[in-house]
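The opening residue of the sequence shown carries number 3 in this note's numbering; numbering runs sequentially from there. All C-beta atoms, glycine included, are put in the ideal place defined by N, C-alpha and C. Here is the structure we will look at.
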Amino acid sequence: VPLGSLLSGGVDSTVITGFMQEALPEPPQAFAIGFDTAPDGGELPVARRAAGALGVPLTAVSVSEADYLAAWPEHAAALGEPIANAGALLVGLLCRQVRQSRKVVLTGQGADEPLGGYPRHAAERVYPWAHRVRLLLHALPQSLAASDRIARLRRVAGEADEARRFAEILAVFSPREAVGLSALPLDEANLVQPIKRWLPHPDDGSDSLNRLLRVDARLSLADDLLIVADHTSMASSVELRVPFLDLELLALLERMPGRYKVSRLGERKWLYRRAIADALPAAVRASLVGWRARTGRKLGFTTPFAGWFKRWLATDADAYVLGPGARLPHFLRTDALREVLVAVRERGQPRERQVLALYVLETWLRRALS
3 VPLGSLLSGG VDSTVITGFM QEALPEPPQA FAIGFDTAPD GGELPVARRA
53 AGALGVPLTA VSVSEADYLA AWPEHAAALG EPIANAGALL VGLLCRQVRQ
103 SRKVVLTGQG ADEPLGGYPR HAAERVYPWA HRVRLLLHAL PQSLAASDRI
153 ARLRRVAGEA DEARRFAEIL AVFSPREAVG LSALPLDEAN LVQPIKRWLP
203 HPDDGSDSLN RLLRVDARLS LADDLLIVAD HTSMASSVEL RVPFLDLELL
253 ALLERMPGRY KVSRLGERKW LYRRAIADAL PAAVRASLVG WRARTGRKLG
303 FTTPFAGWFK RWLATDADAY VLGPGARLPH FLRTDALREV LVAVRERGQP
353 RERQVLALYV LETWLRRALS
């Protein structure tokens, strides 16, 4: 079976595609997706640069914002459950192109959770420092506090209980926020139980970062990313394979101390990037393993969500989630729903992920209850 790869141009998909290039008799066909309205072409130029450096053919799919938004209802219904993952729909749209020539593609998915690739992992790594200066963090001006990273760090810094702190890091709505949002009585302590279920025994010798990564791999990765990737790809009869989730490799990574994954300066996937640097083409090496790559924005099929989000908040959000045809008010408190919208639209609070979750849940409910 001829193999392909999904290539965003990020470090993990580039590593996988490079190893495929070495192991296969012919260069693997790579596939990338981006938006025609994105500044500087979005991530497609990054994927093209990686493909050129690797010497592999690339099929680039350009999607309009209108097509992306129009596909949301079908996407939400296909998942079978309301998972608010803005990038997952892109995988589905890309697989429609993939199926024309490939049935199996490899991806770089699954490297971030065991190796500490997300900003939330860096937040836990610097928790001891953040806890000591938590009062200073809360005194920051609103212009700085509007950053999602700063907001997350402020929440994490004030929570000494490990399970509750992990809930603040991982959840779109913290347990406290979820209780305030629900129209039905909820026990805040019960909302933390899924995290406690996967926490290692306190005496197992693991550090707090590794405990967070273990939970993240079993909740966010297993219950979110892998589900949406499987459903959206199989809708096009395409099989996604995830080499980074080889069980022996995963077991090895989970035994590694957290300091090798995120440095004390917050550099993500620290040892991993050093280890694979020589395997990367020189033309893209600095951009994938340098300081900015270790501390900056992640690559990986990102969406032009911000522009649409601002327009939707200004014109359609209230009617969609609070209007006569909305389903959410049957399950969630209207005043709490309105507060989330107002907090983002009028006060600039970094709660966009929460609004996306409400949008996806409302979209899914309309299909499920129609």
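Check whether residue i and residue j have beta carbons under 9 Å apart
i    : j    : result
L96  : A53  : no
V362 : I18  : no
G6   : V100 : yes
G94  : L223 : no
L211 : V264 : yes
F37  : E76  : no
I278 : V291 : yes
R270 : H133 : no
L221 : R213 : no
V357 : F311 : yes
P245 : A55  : no
L315 : R347 : yes
M258 : L273 : yes
H332 : A180 : no
R275 : R296 : yes
Where residue i falls: helix, strand or coil (DSSP)
i    : result
I18  : helix
S10  : coil
S265 : coil
L35  : Position check: residue 35 holds Ile in this sequence, whereas Leu was assumed. The answer is strand: DSSP assigns I35 an E or B state.
S396 : Only positions 3 to 372 of the chain appear in the structure, and residue 396 is not among them; the question remains open.
L5   : strand
I137 : Looking at the sequence provided, one finds Leu at residue 137 rather than Ile. The answer is helix: DSSP assigns L137 an H, G or I state.
Q23  : helix
K198 : helix
N87  : coil
E28  : coil
Q356 : helix
Y120 : coil
R51  : helix
P130 : helix
Q99  : helix
A68  : helix
A73  : coil
M236 : helix
Beta bridge counterpart(s) of residue i as assigned by DSSP
i    : result
E241 : V106
T365 : Partner(s): none; T365 has no beta bridge.
T336 : Its beta-bridge partners do not exist; DSSP assigns none.
V63  : I35
Close Cβ partners of residue i (< 8 Å) along its chain, the five nearest in sequence each way excluded
i    : result
D232 : L242
A169 : S176, P177, L193, V194 and I197
L1   : Residue 1 lies beyond the stretch modelled for the chain, which goes from 3 to 372, so this question has no answer here.
E115 : L215, D218, A219, S222 and L223
Y129 : V158, A159, R167 and S210
A72  : none
R353 : V342, A345 and V346
Reference residue i; option with closest CA among the options
i    : options                   : result
R369 : L56, P121, G82 and L60    : G82
G260 : R98, S64, G118 and G112   : G118
R156 : R136, R166 and V128       : R136
S235 : L108, A284 and L221       : L108
P143 : H133, G350, E354 and L315 : G350
D280 : L255, P4, T16 and L9      : T16
G89  : E45, E348, G207 and P27   : E45
P27  : R50, S10, V3 and V357     : V3
A253 : V240, W314, R216 and T297 : R216
A62  : R266, A80, L92 and W74    : L92
W131 : A25, R266 and I229        : R266
L139 : Y120, G160 and P121       : G160
G268 : P121, W74 and S289        : P121
V230 : V65, S64, P47 and W74     : W74
Q102 : S239, P47 and V65         : S239
A79  : A237, D225 and L255       : A237
R127 : P326, Y262 and D206       : Y262
E190 : S64, A173 and D225        : A173
E256 : S64, P352, D206 and A345  : D206
L60  : D69, L8 and D318          : L8
Proximal residues to residue i (C-beta, below 6 Å), its chain only, five neighbours per side dropped
i    : result
L227 : none
D14  : G110 and A113
A165 : V194, I197 and K198
V106 : V3, L5 and E241
A319 : L343
Contact set for residue i: own chain, Cβ-Cβ below 7 Å, skip 5 residues either direction
i    : result
L377 : This structure does not reach residue 377, given that the chain is present from 3 up to 372, and the question cannot be answered.
V58  : T19, Q23, P29, P30 and A32
A125 : R154, L155, V158 and I171
L371 : R329
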